[in-house]
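Undergrad:
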Amino acid sequence: MPELPEVETVRKGLESLIVGKTIKSVVHDNERSFPNDPAIVSQFAINSDVSLVKRRAKVLLIELSTEYTLMTHLKMTGQLVFVADATKQAQNLKHEIRNKSKKEIDADFEFRASNLEFAESDSIRFGAGHPNHSLVGNLPDKSTRVTIIFEDDSKLFFNDQRKFGWMKLLPTALVAQEPFMVKLGPEPLELEFTDQVFISRVRRRANTSIKAAILDQTVLAGVGNIYADESLWGAKIHPATLVRNLSDKQLSVLRREIIYVLRLSIEKGGSTDRNYVNAEGKRGSYIDFARVFRQENKPCPRCQTIIIKTRVAGRGTHICLICQKHKNK
DNA sequence: CACTTGACCTGTCCGC
DNA sequence: TGCGGACAGGTCAAGT
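Residue numbers for the first sequence, in our numbering: 3 to 331.
1) Can you tell me where the alpha helix (DSSP H) with M169 in it begins and where it stops?
2) So K2 and V255 are supposed to be a Cβ contact under 8 Å. How far apart are they, rounded?
3) According to DSSP, is I212 helix, strand or coil?
4) According to DSSP, is Q45 helix, strand or coil?
5) Alpha carbon to alpha carbon, how far is K213 from D231?
6) According to DSSP, is T220 helix, strand or coil?
7) Give the DSSP-derived three-state secondary structure of Q81 in the structure shown.
8) So, under 8 Å CB-CB, N330 and A242 are touching, yes? Tell me the CB distance rounded to an integer number of Å.
9) Given V177, which residues of its chain have a CB within under 7 Å of its CB, disregarding the five upstream and five downstream residues?
10) Quick one: Cα of S371 to Cα of T68, how far?
11) What span of residues does the beta strand (DSSP E) with D162 cover, start to end?
12) Measuring alpha carbon to alpha carbon, tell me which residue in D275, S211, R58 and E189 is nearest N247.
13) L16 and V55: beta carbons closer than 8 Å?
14) Given a threshold of 16 other Cβ atoms within 10 Å of its Cβ, counted over all protein chains shown, does E8 qualify as buried or as exposed?
15) Going by C-alpha to C-alpha distance, which of P303, V294 and R304 sits closest to I310?
16) I need the straight-line Cα distance from L19 to G226, nearest angstrom please.
17) From this set, K238, H328 and G286, which residue's C-alpha is nearest N277's C-alpha?
18) From the DSSP secondary-structure annotation, give me the bridge partner or partners of T71.
19) Leaving out the 5 sequence neighbours to the left and right, which residues in its chain are closer than 7 Å to P173 when beta-carbon positions are compared?
20) Can you give, in chain order, each stretch of the alpha helix (DSSP H) that sits fully within the stretch 216 to 282 and has at least 4 residues?
21) Below 8 Å, can you find three or more Cβ-Cβ pairs linking the stretch 34 to 53 to the stretch 257 to 269?
22) What residues in its chain sit with their C-beta under 7 Å from that of I151, if we drop five residues either side in the sequence?
23) For H316, which option in K23, E269 and A215 has the closest C-alpha, if you only look at C-alpha atoms?
24) Candidates S35, M3 and R57: which alpha carbon is nearest R13's?
25) Quick check: V204 and L253, are their CB atoms within less than 8 Å of each other?
26) Does the Cβ-Cβ distance between A208 and V245 come in under 8 Å?
27) Reducing DSSP to helix, strand and coil, say where L16 ends up.
28) Which two residues bound the contiguous alpha helix (DSSP H) that contains R203?
29) Tell me which residue opens and which closes the beta strand (DSSP E) that V294 is part of.
30) Under the rule that 16 or more other beta-carbon atoms within 10 Å means buried, what is A292, buried or exposed?
31) Suppose contacts are defined by Cβ-Cβ distances below 8 Å. Is I228 in contact with D275 by that definition?
32) Grab the span of the beta strand (DSSP E) containing F152 for me, first residue to last.
33) Counting only the same chain and skipping the five closest in sequence on each side, list residues whose C-beta sits under 7 Å from that of V270.
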């Protein structure tokens, strides 16, 4: 779910919240989410400063003063949430919860409160200098996979319900050489993403659906299911249309629509469909502006036809059958 | 190489 | 109310 706009929103938030902070300790709950050698973590993360927060495609890059980078992929349910004062916020949240009726408390709210309580519990017992500071901790919260604790006791939580995401520490110079990074297509919001570049890359997938093609991160970087549906509706293209049946003109329009929806979503702080939140734990509002995504059984904003949900490229897909005619031969 | 499908996980929702 | 199964959808590995 975190796609380019969501990851970019987290990046911007982290940039203003953690740059310059010194890492005191790191705690994690399983090897899959944090596949790093404790000795490397100890040597290159502990006592280092955060120098930059970058993004490439859907990958977040937290660069450290040691020339190492914490590379993070949120995949489906990952969150990176910064908390400056966990004790105070936990008290505030508990106070708010007491003053709300059961109905008013949404799941996210309770989730954050339990995370904050955990943060102040004695389960964080591996401080800097402790030989086990980067080993598996005994974390009571179910979805907190990694906790980065800074010198001022502020914390960065990497939460990930489904454990698809990961955070790994590697030399900054080797980030671009990671197999996934090498194969990535162009950044859609950079100047390099011209009509010519987009069309030639998309046409390498001539015999697949246009939706599968734009979801392919080697064609272009950063589009996922939400913005694929949104941009295809904008370009009036049926997602199942084979690439070979699309004209250059149509692909040019699609490129423009991709840029449009990504920019609009960044402006709205991303889409909170299920559990995406930004670096401050807040939801994004793009979903309020979505034209087709999650709008099944509602009227198309262009022609009022009821939007349907079907399956294309193995994904849930939202279409207006009148605006998006299917022309495969 | 091009393309499709299933696996990786866990929480939620829906029908019985 | 409990319970099984479908579903969510980013990427990789294995299949055709």
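Beta carbons: idealized from backbone N, C-alpha and C, even for Gly.
Computed from a predicted model, the values in this text were never measured in an experiment.
TA: Let's see:
1) Segment W168 to P173 is the beta strand (DSSP E) holding M169; no alpha helix (DSSP H) there.
2) An answer regarding residue 2 cannot be provided, because it is not within the stretch 3 to 331 covered by the chain.
3) Three-state DSSP puts I212 in a helix.
4) The answer is helix: DSSP assigns Q45 an H, G or I state.
5) Cα-Cα distance, rounded: 8 Å.
6) Reduced to three states, the DSSP call for T220 is coil.
7) Judged by DSSP in its simplified three-state form, Q81 adopts strand.
8) Rounded, the Cβ-Cβ distance is 7 Å, consistent with contact.
9) Cβ neighbours of V177 beyond the five flanking positions: L63, T71, M73 and M183.
10) Since the first residue of the chain shown is 3 and the last is 331, residue 371 is not available in this structure.
11) It spans K157 to D162 - the beta strand (DSSP E) in which D162 sits, taken as one unbroken run.
12) Relative to the Cα of N247, the nearest Cα in the group D275, S211, R58 and E189 belongs to S211.
13) At a Cβ-Cβ threshold of 8 Å, L16 and V55 count as neighbours.
14) Answer is buried; the Cβ neighbour count reaches 16.
15) Closest option to I310, Cα to Cα, is V294.
16) In this structure, the alpha-carbon of L19 lies about 27 Å from that of G226.
17) Closest in C-alpha terms to N277, from the list K238, H328 and G286, comes G286.
18) T71 is bridged to E65 and L172.
19) These residues qualify, in order along the chain: E69 and Y70.
20) Counting whole runs of 4 or more residues, the stretch 216 to 282 contains the alpha helix (DSSP H) stretches 227 to 236 and 250 to 269.
21) In this structure the stretch 34 to 53 does not lie against the stretch 257 to 269, because fewer than three pairs of beta carbons, one per stretch, are closer than 8 Å.
22) These residues qualify, in order along the chain: K26, S27, I126 and K157.
23) Note that residue 316 is Gly in the sequence shown, not His. It is A215 whose Cα lies nearest to the Cα of G316.
24) For the residues S35, M3 and R57, the minimum Cα distance to R13 belongs to R57.
25) With contacts defined as CB atoms closer than 8 Å, V204 and L253 qualify as a contacting pair.
26) Yes, they are a contact pair.
27) Residue state, collapsed to three classes: helix.
28) From DSSP, the alpha helix (DSSP H) with R203 extends over D197 to V204.
29) For V294, no beta strand (DSSP E) segment is defined, and its DSSP state is neither H nor E.
30) With 16 or more neighbouring CB atoms inside 10 Å of its own CB, A292 falls in the buried class.
31) Against a cut-off of 8 Å, the Cβ pair of D275 and I228 comes out as a contact.
32) From DSSP, the beta strand (DSSP E) with F152 extends over T146 to F152.
33) The question names Val, yet the displayed sequence has Lys at residue 270. In its chain, beyond the 5 residues on either side, G286, S287, Y288 and F291 have a beta carbon closer than 7 Å to the beta carbon of K270.
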